[in-house]
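Asks:
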Amino acid sequence: MNINCIAVDDEPAALDMISSYIERTPYLQLAGRFNNALAALEEIHKNAALQLIFLDINMADLTGLELAKIIEQSDRKKNLRIIFTTAYDQYALEGYKVDALDYLVKPFNFVAFSKAAEKAKSYFTMYESSLKATNNETMPLQYKSAYIYLKVEHQLVKVDMSDILYIEGLKDYVKVYLSTTEKPLLTLTSLKRLQEKLPTDKFLRLHRSFIVSTSAIRSATKTSVQIGSTTITVSEQFREDFNRFLDKWVL
């Protein structure tokens with residue numbers, strides 16, 4: 001697959017380096033290079049085929065973070081992604097809040113660039129697969145994707161849905177508890193966004209802060225479920241869905 005991308009940096013040397021790295025990567029297609037975010041924004045508006053932006057942060061008029069927030073609030077946030085390239089590491093958390101694929105701190109070499117590019121390739125491969133599954137409305141549920149990708153500590157981690165026990169939301173973060181590891185995976189996303197990726201017949205929202213795998217429930221009362229040694233309370237907001245689930249358990 002080819003990924004159409006642009007480089008945006010107000011430092012000529014950095015822009016030359018990033019552009020050369022893109023041209024050295026077989027699956028990246030350089031669609032343009034810009035020395036300011038306003039020019040890049042104009043390109044975004046007119047180029048619907050654009051998929052990836054290698055984006056500096058500290059720029060005049062419009063910063064890279066401001067451009068990223070514009071994209072995040074648009075209808076292109078899933079098919080147009082960002083890899084930040086900056087000399088300042090203090091913006092890393094802000095970068096993840098706008099769902100950047102990666103965060104490269106200058107000076108970086110071609111090896112580090114290639115690792116970030118591979119994350120983009122994995123993302124767009126997954127994204128195209130999900131589009132095909134969504135468009136094929138007659139596809140039986142058992143043939144749909146059985147895994148999700150989570151962004152954990154600067155990398156994408158493939159997680160089998162059958163391994164998920166329950167998921168806990170913690171403001172800007174989510175903890176995913178698995179049957180295969182003692183320590184949960186911590187990813188910077190919202191519980192609502194993660195819920196959208198989960199099949200509704202296999203996962204159940206029980207609380208503002210909890211989603212559980214229905215297959216992991218070992219016992220249940222009218223107000224709670226037991227998963228391993230963990231008891232999760234059912235809040236009033238989700239009681240109706242939970243009662244429908246309990247009806248299936250009653251013989």
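First residue of the sequence shown: 1, per the UniProt record's numbering; consecutive thereafter.
No residue lacks a Cβ here, since even glycine has one placed at the ideal position from N, Cα and C.
Can you grab the Cα-Cα spacing for the pair G64 / D56, in whole Å?
Replies: Rounded to whole angstroms, G64 to D56 spans 6 Å at the Cα level.
Asks: Which residues does DSSP pair with R33 in a beta bridge?
Replies: Beta-bridge pairing links R33 to A7.
Asks: Looking at L38 and A10, is the spacing between their C-beta atoms short of 8 Å?
Replies: The identity of residue 10 in the sequence shown is Asp, whereas the question assumes Ala. Not closer than 8 Å, so no.
Asks: What did DSSP end up calling R24 once you bin it into helix, strand or coil?
Replies: Three-state result, R24: helix.
Asks: Short of 7 Å in beta carbon distance, which residues of its chain neighbour S213, apart from the five on each side in sequence? Order them along the chain.
Replies: Contacts found: I164, L165, Y166, K202 and F203.
Asks: Determine which residues share a DSSP beta bridge with I148 and list them.
Replies: Paired residues: V159.
Asks: With DSSP as the reference, identify every bridge partner of D99, one or two as the case may be.
Replies: Answer is none; D99 lacks a bridge partner.
Asks: Assuming I6 and A31 make a contact with CB atoms under 8 Å, what is their CB distance in whole Å?
Replies: Between A31 and I6 the Cβ distance is about 5 Å, and since that is below 8 Å, they are a contact.
Asks: Identify every residue that forms a DSSP beta bridge with R205.
Replies: Paired residues: I211.
Asks: For L15, which residues from the same chain have a beta carbon less than 7 Å from its beta carbon, with the 5 sequence-adjacent residues on both sides left out?
Replies: A7, D9, R33 and N35, listed in sequence order.
Asks: Considering only the beta carbon of each residue, do T231 and A117 sit closer than 8 Å?
Replies: Contact flag unset, no.
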